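Presented below is the structure to which this report refers.
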Amino acid sequence: MATNQECALAFAAIADLLEITGANAFKVNAYRKAARVCEDESSDLGKLARETPKQLREIEGIGESTAAKIVELETTGRVAELESLRAQIPAGLPLLLTLAGLGPKTVKLLWDEAKVTSLAELKSAIDSGALASIPRMGGKTIANLREAVVARESAAAGPTRYRLGEAIPLAQSILKRLADANGSIRVAFAGSARRGRETVGDLDLIVATTDPTAARAAFLNGPNIAKVLAQGDTKCAVQLASGIQVDLRIVTEAVFGATLLYFTGSKDHNIFLRERAIEREMRLNEYGLFRNPRGWPEGKELPLVAATTEESIYAALDLPCWPPELRETYTSDFTQAVPRLISLADIRAELHAHTTASDGVMSIRELAELAKSRGFHTIAVTDHSKASAQANGLSVERLLRHIEAIREAEVQVGGIRILAGSEVDILADGRLDYDDATLAALDIVVASPHTALKQSPEAATTRLLAAIRHPLVHILGHPTGRIILGREGLAPDMQAICTAAAQCQTALEINCHWSRLDLRDSHVRAALSFGCLIAIDCDIHSAEDADNLQYGITTARRGGLIPDHCVNAWTADALHAWLGRKRSGVRLPRDT
DNA sequence: GCCGTTTTCGGCCCGACTGTTTTCAGTCG
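Under this note's numbering, the first sequence is numbered contiguously, ending at residue 1429.
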């Protein structure tokens, strides 16, 4: 079965190979866009290809040819065009495209003129001096190539990505230095980090300043810079010792919004905006939106329409101001009304937290005080169940004593509801780690998979459905168990999961830790389309985990979540009524 | 290859920086 990721990889590979052959650039772009769209698509492309292939064409960026290739991949496991391209082009060439500063034109040049077909051959061609006679191969270019080869050899295979929770603190520390520089007025990070993608390839920073020289110096003289990649008047780029590339744009305050808009992207959103500007006889670039009437004299300055804020530019284009998290291809229509997305301020309860009773570092009281300080009306204490022995999971006897301690703490702390709960393991076969009588003694049950995370999609689906349909379970915790850039986790049939979760009113969790973000954004979109409830929880083990809420919120916003569908955003009455419904003996579907 | 109140052809976003060049091609975002 072809996964969305496999479809994306196939299209990206076709794009790379076509590019090396010198194919039409728009055709190459179309394949690249198809790859991006496949990666972000929330429905299962393989399933669509099997059952309703016509629906593939309804996806923006998927046309007749790419839809046929998805069907081909699903039914035959291969794409003939990709195999044909691979037969024509040496297998080592696409890797060369990942070298810094090396693009398709140069790869083709090296292949044609120096018979370079692999990284090893490139290296020996550099060392032997064979490149010197090739047009446009000066000393500087060859030296840069040598450096890029060394960098590629020392790095792991493929380009490195960084998780959101690793990248954003880094961005903020550099922004602080820029904000402190003489003349600074505004600073911001943009790019995929601002859009909230779960991993980012680089960081894009913007500073509005009256003293560009000071901003530039503050940036280039920062700590941990391994290499300066570019240093112009308005644009600088460095590579940090950790490997991540950081780009900086230096602008005036008057154009800050236009620059922020442009560098936030996505690429596809920018193209949409610029095309919309053209339709209205305007031009959009990173310096602003300009009137561009037909017949305007060449070279004469265009009249400015808007530039200082993103809002003013969207307004001048007759568009609602789109939140960064939705500026992606999966927003099918940017002219529609913007949903009132959930935000940090909406969250009023934390429903997944651990204490020293299992593997947390805080006491019940400390947890409760932390939750109060955030203005929450409810905190749930959900320590691990007995199967999680590595996390000091609680036996039934310990759990019962823990419940008493929670009741006492609630009285002592005051001013906040402290729920007695458990993060109960979903065993590999779908049974829960406590019996029903024990679970019934709790106020809230979060059921999560922790082991057997490599089981088949079919087994995972059966397992998770059993937990979702269990009348005593409120929340399915980190449903796939994936670790970003670490492990794939379970791959259940999300359609079946969402259908059951909506029917049973069992909430699906977005686990806020930046290494999890599970559900992921595309799963949130799918879940909402089925009418599911969503929980956004920090899975608190220590106080700083509470700060991960921002990443869960960003993921929720990328999924289009509105407060009504998030149990953590409900009033205390609404939340406790929902929790109580599953404790009141109301029959819930278990076998459908 | 995709797309469509200029639709089945003919467009397709726009600019900065680098290096190799004397006016521009390639890469990148």
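We treat Cβ as the ideally placed atom computed from N, Cα and C, and that holds for glycine. This one's a predicted model, so the numbers in the text were calculated from it and none came from an experiment.
Beta-carbon contacts of residue i that lie in its chain and below 7 Å, excluding the five residues immediately before and after
i	result
Ala-962	Ala-951, Val-953 and Leu-968
Glu-1245	none
Gly-1107	Reading off the sequence shown, one finds Asn at residue 1107, where the question assumed Gly. If we look at Asn-1107 and ignore the five residues flanking it on each side, its Cβ neighbours are Tyr-1099.
Val-865	Ala-852, Leu-855 and Glu-856
Residue range of the beta strand (DSSP E) that includes residue i
i	result
Met-974	Looking at the DSSP string, Met-974 is not in any beta strand (DSSP E), and its letter there is neither H nor E.
Thr-858	Thr-858 -> not in any beta strand (DSSP E); alpha helix (DSSP H) instead, spanning 841-858.
Gln-1068	1062-1068
Ala-1143	1141-1143
Gln-1076	1072-1077
Ile-1115	Counting along the chain, Ile-1115 falls outside any beta strand (DSSP E), though it belongs to the alpha helix (DSSP H) covering 1104-1116.
Arg-1086	1082-1088
Leu-1126	1125-1128
Thr-1215	1215-1221
Ala-1304	Segment 1294-1306 is the alpha helix (DSSP H) holding Ala-1304; no beta strand (DSSP E) there.
Val-1310	Unbroken run through Val-1310: none, as it is neither H nor E.
Glu-1260	1254-1262
Glu-895	Here Glu-895 belongs to no beta strand (DSSP E), and DSSP marks it neither H nor E.
Residues near residue i in its chain [Cβ-Cβ closer than 8 Å; skip 5 each side]
i	result
Leu-934	Asp-853, Glu-856, Ile-857, Gly-940, Pro-941 and Val-944
Lys-891	none
Asn-1061	Leu-1077, Ala-1078 and Ser-1079
Ala-917	Glu-909
Leu-982	Leu-936, Gly-938, Leu-939, Leu-959, Ile-963 and Leu-968
Glu-911	Met-838, Ala-839, Leu-882, Gly-883, Ala-886 and Arg-887
Gly-995	Unreliable placement is indicated for Gly-995, whose pLDDT of 48 sits below 50; the coordinate value is still reported in the next sentence. Cβ within range, chain order: Thr-935.
Leu-1425	With a pLDDT of 45 at Leu-1425, under the threshold of 50, the modelled position of this residue cannot be trusted, and the question is left open.
Leu-1365	Ile-1371, Gly-1396, Gly-1397, Leu-1398 and His-1402
Arg-998	Thr-1036, Val-1037, Gly-1038 and Leu-1322
Ala-1277	Leu-1309 and Arg-1420
Close Cβ partners of residue i (< 6 Å) along its chain, the five nearest in sequence each way excluded
i	result
Met-838	Gly-883
Thr-1392	Ile-1347, Leu-1354 and Asp-1358
Tyr-1151	Cys-1158
Glu-1203	none
Leu-885	Gln-892 and Leu-893
Member of the options whose CA lies at the smallest distance from the CA of residue i
i	options	result
Glu-1162	Cys-1335, Leu-1154, His-1378 and Val-1175	Val-1175
Ile-1320	Ser-1352, Leu-1313 and Thr-1168	Ser-1352
Leu-1301	Ile-1281, Asp-1272, Ala-1277 and Met-1331	Met-1331
Ser-880	Leu-910, Lys-870, Gln-842 and Ile-851	Gln-842
Gly-1267	Ser-1010, Ala-1303, Leu-1276 and Lys-1291	Ala-1303
Ile-1081	Met-1119, Thr-1096 and Asp-1041	Asp-1041
Ala-1242	Leu-1110, Ala-1052, Val-1218 and Ser-1029	Val-1218
Ile-1373	Cys-1349, Val-1361, Ala-1364 and Ala-1363	Cys-1349
Ala-985	Arg-1000, Gly-1002, Leu-956 and Ser-965	Leu-956
Trp-948	His-1287, Thr-1408, Ser-1010 and Ile-926	Ile-926
Cys-844	Val-865, Ala-862 and Thr-903	Thr-903
Val-1248	Asp-877, Ala-1205, His-1402 and Glu-878	Ala-1205
Ala-1265	Asp-1272, Arg-1000, Thr-1299 and Phe-1026	Thr-1299
Leu-827	Arg-1394, Glu-1381, Ile-1399 and Leu-1370	Outside the shown range of the chain (838 to 1429) lies residue 827, about which nothing can therefore be said.
Ile-1390	Ile-1108, Leu-1181, Phe-1171 and Asp-1039	Leu-1181
Pro-1049	Gly-1368, Gly-1020 and Arg-1131	Gly-1020
Ala-850	Val-987, Lys-906, Ala-1153 and Glu-901	Lys-906
Asn-1405	Ile-1179, Val-987, Phe-1367 and Arg-1023	Ile-1179
Leu-1126	Leu-1097, Asp-1105 and Glu-1135	Leu-1097
Thr-1275	Ile-1377, Ile-1240, Ala-1297 and Ser-1225	Ile-1240
Ile-1022	Arg-1362, Val-1044 and Leu-1001	Val-1044
First through last residue of the alpha helix (DSSP H) which encompasses residue i
i	result
Leu-1398	From DSSP, Leu-1398 is part of no alpha helix (DSSP H); its letter is neither H nor E.
Cys-1375	Unbroken run through Cys-1375: none, as it is neither H nor E.
His-1360	1358-1366
Val-908	901-913
Met-1199	Careful: Met-1199 lies outside any alpha helix (DSSP H) and carries neither H nor E.
Thr-1336	1331-1341
Lys-945	941-951
Ser-880	Ser-880 -> no alpha helix (DSSP H), and no H or E assigned at all.
Ile-1150	1147-1153
Ser-1421	Ser-1421 -> no alpha helix (DSSP H), and no H or E assigned at all.
Pair every Cβ in the segment 1141-1153 with every Cβ in the segment 1091-1102, then say whether three or more of these pairs are closer than 8 Å.
yes
Can you give, in chain order, each stretch of the beta strand (DSSP E) that sits fully within the segment 1017-1050 and has at least 3 residues?
Fully enclosed beta strand (DSSP E) runs of 3 or longer: 1021-1026 and 1039-1046.
Contact between the segment 1204-1217 and the segment 1177-1194: three or more CB pairs below 8 Å?
yes
Below 8 Å, can you find three or more Cβ-Cβ pairs linking the segment 1000-1017 to the segment 1043-1057?
yes
Please determine if the segment 1378-1398 and the segment 1280-1294 are in contact, where contact requires at least 3 C-beta pairs separated by less than 8 Å.
Contact between the segment 1378-1398 and the segment 1280-1294 is absent, because fewer than three Cβ pairs lie under 8 Å.
Decide yes or no for the touch test of the segment 892-905 against the segment 967-985: beta carbon pairs closer than 8 Å, at least 3 of them.
Too few Cβ pairs lie closer than 8 Å, so no.
Okay, do the segment 1109-1118 and the segment 1068-1076 touch, 3+ Cβ pairs below 8 Å being the bar?
no
Mind the definition here: the segment 1290-1301 touches the segment 1237-1256 only if three or more C-beta pairs lie below 8 Å; say whether that holds.
no
Segment contact, 8 Å Cβ cut-off, at least three pairs: the segment 1220-1235 with the segment 1258-1267:
yes
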